[in-house]
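Each step along the sequence shown adds one to the number in UniProt numbering, with nothing skipped, and position 68 is 68. Reading through the structure tokens given below for one structure.
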Amino acid sequence: MSQPHRSETPSQSLADDLYDVLGLVRRRSRRLVGAPLPELDLSGAQLELVRVIRRNPGVAVADAAAALGLAPNTISTLVGQLVALDVVVRERDAHDRRVARLHLTDHARAAVELWRDQRAQAMASALESLDAPARARIAAAIPLIAELAARLPEVPRTTHAPSLHT
């Protein structure tokens, strides 16, 4: 991977490498299979919410917010946008009318399932080109990467990167 800069710690170098590789996987996947519902030009945040709802039909807004590490009001805004686009249906919980349950519309579910299948097949083909020990190492790394993601702060730090224009 990359060579660390003089002032960079090994963890900083590893962080750069991890971001680079994760970004490459996302970009190549996007180029290969596109996005679900391309006619709607959904934002990254909207797509992430759609994926959470696909995997958890009937998920509550608060639970979707927790899954994505976003504020519930941010999720509510995204839900409103997706409802207006006929992608998501918001239903009141039968036992607690204060809770909204989220479902994909039939059209959105079918499009997202097709996209998911194409994306999974593309990754499965790439994984099958590796030997079994390499696939096992990747499988073993997934829980560690998930733990790492959980350890990232959910609130941005107040410091900003230096401006390129100064």
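We treat Cβ as the ideally placed atom computed from N, Cα and C, and that holds for glycine.
(1) Give the secondary structure of G39 by DSSP, where H, G and I count as helix, E and B as strand, and everything else as coil.
(2) Skipping 5 residues on each side, what residues in its chain have a beta carbon closer than 6 Å to that of A142?
(3) Work out the CA separation of V83 and T166 for me, nearest whole Å.
(4) V21: buried (16+ other C-beta within 10 angstroms of its C-beta) or exposed?
(5) What is the DSSP secondary structure of H95, counted as helix, strand or coil?
(6) Quick check: the segment 92 to 106 against the segment 47 to 62, are at least 3 beta-carbon pairs closer than 8 Å?
(7) Run through DSSP, which three-state label would T166 get?
This is what the structure holds:
(1) Residue identity differs from the one stated: residue 39 is Glu in this sequence, not Gly. Three-state result, E39: helix.
(2) The identity of residue 142 in the sequence shown is Ile, whereas the question assumes Ala. If we look at I142 and ignore the five residues flanking it on each side, it has no Cβ neighbours.
(3) Its pLDDT being 47, under 50, T166 is placed unreliably by the model, and nothing is read from it.
(4) Per the 10 Å Cβ criterion, exposed.
(5) Coil at H95, not helix or strand.
(6) Counting Cβ pairs under 8 Å, three or more are found: they touch.
(7) At T166 the pLDDT is 47, less than 50, meaning the model places this residue with poor confidence and gives no usable figure here.
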